[in-house]
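Residue numbers (the numbering used here): 19 to 202.
Below is the structure:
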């Protein structure tokens, strides 16, 4: 798993050594308004979770588990981005930032960098993201990242709550048409 560097920030592969700093960030109650899980109970609990994630693979080996902490230039960690990459060349993506870092462009920059990396390094063609309908910030971010509402066929394989929506983005390169491709 590679470190991803942009002019604005660095995405560092998640390690157990990040647990203490991330525990402090993840205690922010604002994060959990639209999530279906609670803050981590302790630093030790988070270390155990991160130790499992350091394997970078699901227990059955069918998925790549990719997690990066977001480290802006000259700032402490602000959150994380993650991708679960399946053999179907698709990935479920997500992001979590502490509330005090919302609105600074960190999530958008981190997600763009991760999406580009997934296409280049993991040959991912499609990304999926779920969001609660009330989470207007995330809905706007997914729109800025060129995600579109999932089609009915995409939803058949997923179990969403009545308040969740799924969005899809193609990472397949768009083919450029040049003069030789035009029909005379």
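Glycine included, every Cβ here is placed at the ideal spot set by N, Cα and C. Nothing here was measured: the structure is a model prediction, and the numbers come from that model.
Secondary structure of residue 59 (DSSP, three-state): coil.
The three-state secondary structure of residue 117, taken from DSSP, is helix. Under the rule that a run must span 3 or more residues, the beta strand (DSSP E) segments found entirely inside the segment 133 to 170 read 144 to 150.
Rounded to the nearest whole angstrom, the C-alpha separation of residue 49 and residue 118 is 10 Å. Looking at the DSSP output, residue 31 shares a beta bridge with 86.
Per the C-alpha coordinates, the member of 72, 111 and 103 positioned closest to residue 82 is 103.
Looking at the backbone, the Cα of residue 73 and that of residue 35 are separated by about 14 Å. Here residue 37 is buried, its C-beta having at least 16 other C-beta atoms within 10 Å.
Secondary structure of residue 100 (DSSP, three-state): strand. Within the DSSP secondary-structure output, residue 22 pairs in a beta bridge with 29. Counted as a single uninterrupted DSSP element, the beta strand (DSSP E) harbouring residue 182 occupies residues 182 to 188.
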